[in-house]
Amino acid sequence: MEKLNAFLTIPRQEAGYRPINERITDFSQVEQTLNSRDRKLQASRCMDCGVPFCHWACPLGNKQPEFQDALSKGKWEEAYRVLTATNDFPEFTGRICPALCEKSCVLKLSCDAPVTIRENEAAIAEAAFREGYVRPIRGERKGLRVAVVGSGPAGLSAAVRLNARGYDVTVYDRAPLPGGLLRYGIPNFKLPKEVIDRRIQYLKDDGIRFEMNVNVDQAHLPEGFDAYALCTGTPQARDLQIPGRELRGIYFALELLSQQNRLLDGETFPKEQLVNAHGRHVLVIGGGDTGSDCIGTAIRQGAASVTQIEIMPQPPIGQNPATPWPQWPVVLKTTSSHEEGCLRRWSLASQRFIGKNGRVCGVEVEEVQWLPAETENGRPTMKLTGKKEIIETDMVLLAMGFLRPVLPELPPQVFPAGDVRNGASLVVRALADGRKVAQDIETYLSNL
Numbered sequence: 006m007e008k009l010n011a012f013l014t015i016p017r018q019e020a021g022y023r024p025i026n027e028r029i030t031d032f033s034q035v036e037q038t039l040n041s042r043d044r045k046l047q048a049s050r051c052m053d054c055g056v057p058f059c060h061w062a063c064p065l066g067n068k069q070p071e072f073q074d075a076l077s078k079g080k081w082e083e084a085y086r087v088l089t090a091t092n093d094f095p096e097f098t099g100r101i102c103p104a105l106c107e108k109s110c111v112l113k114l115s116c117d118a119p120v121t122i123r124e125n126e127a128a129i130a131e132a133a134f135r136e137g138y139v140r141p142i143r144g145e146r147k148g149l150r151v152a153v154v155g156s157g158p159a160g161l162s163a164a165v166r167l168n169a170r171g172y173d174v175t176v177y178d179r180a181p182l183p184g185g186l187l188r189y190g191i192p193n194f195k196l197p198k199e200v201i202d203r204r205i206q207y208l209k210d211d212g213i214r215f216e217m218n219v220n221v222d223q224a225h226l227p228e229g230f231d232a233y234a235l236c237t238g239t240p241q242a243r244d245l246q247i248p249g250r251e252l253r254g255i256y257f258a259l260e261l262l263s264q265q266n267r268l269l270d271g272e273t274f275p276k277e278q279l280v281n282a283h284g285r286h287v288l289v290i291g292g293g294d295t296g297s298d299c300i301g302t303a304i305r306q307g308a309a310s311v312t313q314i315e316i317m318p319q320p321p322i323g324q325n326p327a328t329p330w331p332q333w334p335v336v337l338k339t340t341s342s343h344e345e346g347c348l349r350r351w352s353l354a355s356q357r358f359i360g361k362n363g364r365v366c367g368v369e370v371e372e373v374q375w376l377p378a379e380t381e382n383g384r385p386t387m388k389l390t391g392k393k394e395i396i397e398t399d400m401v402l403l404a405m406g407f408l409r410p411v412l413p414e415l416p417p418q419v420f421p422a423g424d425v426r427n428g429a430s431l432v433v434r435a436l437a438d439g440r441k442v443a444q445d446i447e448t449y450l451s452n453l
């Protein structure tokens, strides 16, 4: 490391967000950036631990101490080479990864100020594009063809690795543009779509083919390929089948998020098909990242108010003895969207939707109590308390996660990857699984 004791004298410095009154007027990226000098100083805080728990926590197995060391010395290209040895898309994870590595950083344990690994990663990626460090990685051709079905994180990751190994890769997707969840599920204020477009152009220049607007049936895969990577994600959202579900004004989260991204990309929709929160009293049901994205989107669309409810209890603030370091801490998370203005409530179960003239006008909720598990490894049990109330709302967004797909028995040349195999999870885990399936496909083809 450039300065062995830098962590003792240099405080953690985050780039922070744009001012709230400015950022809620547009869909531009909310996170700011540090200058190169400050970024190198932040990298120098890495202690190069003998046991790097940051590396242990990362699904991709990134070598955080190594690229922090290179960055701290101003060796940006070396930092990029180390980073992309395990992560093909640091410009994505550097923006939207929850940074499991930082929660396992030893500085998180000692002073609650981990190294800014995620922000450093994003800075390295941007420097690489700016300085021309991003180069083709197309391997010598083997004369074998692989189809990747789905252009989300797992599909793109598999495509890059297979192309690097010398296979001719074609990516299929039913959407007009590649990116999957990255493009149609994550708001622009977190991941600008020009970042995706930039990378896709590099992949095309590298020889990867993209066939868009093609809905591939698992039972009728395109012919002429030696193997298939099935990376179709988890398209089925979890529904809330309670009385009144048929009322107008109740939407799945992705109906809002996907349409807003498409509108920003220049698509148009008939007025009666628009999902817009302008002037609405919005209720978001679900407390995860997707729910948070709905909050930020609704605020930017001009919602009159936004309330978020969650059936689970409010997590502890700061630390949680149940999830000690270096585990992922289950604690209260406040996102940039939460900061922009919403009411958050916990331990509420939705009982019925209330309507007026065919449109939702309220949701009856009941307070729940969570009882400790009866056994050491058991799950807490939920008890309804009988305390009911009606939350007034004229727009409901269901953000309760996604159902895990049930795959049929697949032939040996078809390899599922990402959320379609593991269930809905983090982008970083999908990227890791895409790399794994590329290795599995190579092993299969090598043994033919």
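Residue numbers (the working numbering): 6 to 453.
Every residue gets a Cβ at the ideal spot worked out from N, C-alpha and C, and that includes glycine.
Note that this is a predicted model, so its numbers are computed, not measured.
Looking at the secondary structure, which residues open and close the alpha helix (DSSP H) in which V165 lies? 158-169
Suppose contacts are defined by Cβ-Cβ distances below 8 Å. Is A163 in contact with V442 by that definition? The Cβ atoms of A163 and V442 lie closer than 8 Å to each other.
State the Cα-Cα distance for the pair R434 and V425, rounded to the nearest angstrom. 12 Å
Simplified DSSP state of F134, which is helix, strand or coil: helix
Specify the secondary structure class of H283 as computed by DSSP and reduced to three states. In this structure, H283 counts as coil in the three-state DSSP scheme.
Use the C-beta contact count for G254: other C-beta atoms within 10 angstroms, 16 or more gives buried, fewer gives exposed. Counting Cβ neighbours within 10 Å, G254 comes out buried, since at least 16 surround it.
G185: buried (16+ other C-beta within 10 angstroms of its C-beta) or exposed? G185 should be labelled buried.
Can N92 and N67 be called in contact, C-beta distance under 8 Å? The Cβ-Cβ distance between N92 and N67 falls below 8 Å.
For G21, does the count of other Cβ atoms within 10 angstroms reach 16, so buried, or fall short, so exposed? exposed
On the criterion of 16 or more Cβ atoms from any shown chain inside 10 Å, does T295 qualify as buried, or is it exposed? Under this definition T295 is a buried residue.
Is it right to say K276 is buried, meaning 16 or more other beta carbons lie within 10 angstroms of its own, or is it exposed? exposed
Can you give me the Cβ contacts of L105 inside the same chain, cut-off strictly under 7 Å, excluding the 5 residues immediately before and after it? A62, C63, W333
Anyone know if the C-beta pair for R285 and A308 falls short of 8 Å? yes
Please name the residue in V154, S342, R364, L245 whose C-alpha comes closest to that of I300. S342
Which class does T339 belong to by DSSP, given the choice of helix, strand or coil? coil
Beta strand (DSSP E) containing V120: first to last residue? Following the DSSP letters along the chain, one finds V120 in no beta strand (DSSP E), marked with neither H nor E.
Below 8 Å between beta carbons: does that hold for L402 and L261? yes
Which residue comes first and which comes last in the alpha helix (DSSP H) that contains K491? Nothing about residue 491 can be reported from this structure: the residues present for the chain run from 6 to 453 only.
Which residues in the same chain have their Cβ closer than 6 Å to the Cβ of A118, if we skip the five residues on either side of it in sequence? R17, L112
Are the CB atoms of F194 and S33 within a distance shorter than 8 Å? yes
Quick one: grab the DSSP three-state call for L348. strand
Close beta carbons around P248, own chain, < 6 Å, minus the five adjacent residues each side: Taken in chain order, the residues that qualify are R357.
Using only alpha-carbon positions, find the residue among S156, R305, K147, I129 that is nearest to V139. Taking only the C-alpha atoms, the option nearest V139 is I129.
Residue range of the alpha helix (DSSP H) that includes C54: C54 -> no alpha helix (DSSP H), and no H or E assigned at all.
Closest to E372 by C-alpha separation, out of V289, A422, E315, V153, would be which residue? The shortest C-alpha separation from E372 is found at E315.
Simplified DSSP state of S355, which is helix, strand or coil: S355 falls in the strand class under three-state DSSP.
Given E136 as reference, the closest of G171, L114, E83 once Cα atoms are compared: E83
In whole angstroms, what separates the C-alpha of P326 from that of K338? One alpha carbon belongs to P326, the other to K338, and they sit about 16 Å apart.
Beta-carbon proximity list for F230, same chain, < 7 Å, skipping 5 on both sides: R150, V151, A152
Under a three-way DSSP split, which group does I205 fall into? helix
Looking at the secondary structure, which residues open and close the alpha helix (DSSP H) in which K441 lies? 432-451
Cut-off 7 Å between Cβ atoms - residues of its own chain near K209, not counting five sequence neighbours on either side: F215
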